[in-house]
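Colleague:
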Amino acid sequence: MERPVRLLGRRPACENRVWRVDFDHIAAEAVEVPNYLTMVPKGLRPDGIGGVSVLPVTADGFVLLRNYRHAVDAWLWELPRGFVDAGESAEVAALRELEEEAGLTCDPADLVALGFFYPEASTIRAKGALFAALGCRPAMVARDEEPGLGQPVTVKRDDLLRMLASGEIEDASTAIACHRYFSVRP
35 MERPVRLLGR RPACENRVWR VDFDHIAAEA VEVPNYLTMV PKGLRPDGIG GVSVLPVTAD
95 GFVLLRNYRH AVDAWLWELP RGFVDAGESA EVAALRELEE EAGLTCDPAD LVALGFFYPE
155 ASTIRAKGAL FAALGCRPAM VARDEEPGLG QPVTVKRDDL LRMLASGEIE DASTAIACHR
215 YFSVRP
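Going by the numbering used here, the first residue of the sequence shown is number 35, and it counts up by one from there.
#1: Enumerate in chain order the residues of its own chain whose CB-to-CB distance from Asp-205 is below 6 Å, with the five nearest sequence positions on each side excluded.
#2: Could you pull out every residue in the same chain whose Cβ sits closer than 7 Å to the Cβ of Gly-182, ignoring the five residues on either side in sequence?
#3: If you count every other CB in all the chains shown that lies within 10 Å of the CB of Gly-137, and 16 or more means buried, which is it?
#4: In the DSSP assignment, the beta strand (DSSP E) including Ile-210 goes from what residue to what residue?
#5: Considering only their Cβ atoms, is the gap separating Thr-139 from Ala-173 smaller than 7 Å?
#6: Pro-46 and Leu-99 look like a contact to me (Cβ under 8 Å); what is the Cβ gap, rounded to whole Å?
#7: Does the Cβ of Cys-24 have 16 or more other Cβ atoms within 10 Å, making it buried, or fewer, making it exposed?
#8: Taking the alpha-carbon positions, what's the Ala-167 to Gly-82 distance?
#9: Between the beta-carbon of Ala-120 and the beta-carbon of Gly-162, is there less than 7 Å?
#10: Excluding sequence positions up to five away, which residues of its chain have a Cβ less than 6 Å from the Cβ of Arg-159?
#11: Quick one: what does DSSP say Asp-144 is sitting in, helix, strand or coil?
#12: In terms of alpha-carbon separation, which member of Leu-42, Asp-192 and Glu-131 lies closest to Ala-62?
#13: Can you say whether Met-197 is buried or exposed, counting buried as having 16 or more other CB atoms within 10 angstroms of its CB?
#14: For Tyr-152, which residues of its own chain have a beta-carbon under 6 Å away from its beta-carbon, when the five flanking residues on both sides are left out?
#15: What whole-angstrom Cβ distance do Ala-176 and Phe-165 have, given they're in contact under 8 Å?
#16: Since Gly-85 and Gly-116 should fall inside the 8 Å C-beta cutoff, what is the C-beta to C-beta distance between them, to a whole number of angstroms?
#17: I'd like the ranges of any alpha helix (DSSP H) spanning at least 4 consecutive residues and lying wholly in the stretch 113 to 198.
#18: If we count the other Cβ atoms within 10 Å of its Cβ and call it buried at 16 or more, is Cys-301 buried or exposed?
#19: So who's on the other strand from Pro-90, going by DSSP bridges?
#20: I'd like to confirm the pairing. Which residues does DSSP put opposite Glu-49 in its beta bridges?
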């Protein structure tokens, strides 16, 4: 299928250690946009994966983080998640984020792929990989400390389903991963 939008040019706007922001000059029929903002994670893999989210499953329930997000000035229920490092597989990134953010680990064979999603298809040139980590247990390393990262909280299945249904979980990757998990493991 032919692309309805043509890329006429791209120029860098700014960057930090994890993101590059570009201004794309695009055109579609009689409309032209000279400064269409796009963002790309610096660790973007050739398959388009830039980040991961992982649903930790323990014997006691599901682990969520209550994180403060400066950009939206809100506390959100989230899964452990993060960027894929250069040269890293999505699976390795998921296991690393599980350890860094939740202080948990699981056997690599217990990492279940839940597909992909686009976090913001109009702006971010990357997709996220979603996983469930079964049989999670405490890791032997300390959790990372980063601004806004909350403590892990274990919730029961019925509570997680209620949180999803009520809209209490507002983070897209968290909601999508949980819904996909429950669709294959009702």
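Quick reminder that beta carbons are idealized off the backbone N, C-alpha and C, glycines included.
Modeller: Judging by the given coordinates:
#1: Leu-110 and Glu-112
#2: Asn-101, Tyr-102, Arg-103 and His-104
#3: buried
#4: Looking at the DSSP string, Ile-210 is not in any beta strand (DSSP E); the run it does join, the alpha helix (DSSP H), is 206 to 218.
#5: yes
#6: About 33 Å separates the two Cβ atoms, so there is no contact after all.
#7: The first residue shown for the chain is 35 and the last is 220, placing residue 24 beyond what the model contains.
#8: 22 Å
#9: no
#10: Thr-72 and Val-74
#11: helix
#12: Leu-42
#13: buried
#14: Lys-161
#15: Actually they are not in contact, since the Cβ atoms of Ala-176 and Phe-165 sit about 22 Å apart, beyond 8 Å.
#16: 6 Å
#17: 124 to 136
#18: Since the first residue shown for the chain is 35 and the last is 220, residue 301 is missing from the structure and cannot be characterised.
#19: Ala-167
#20: Arg-54
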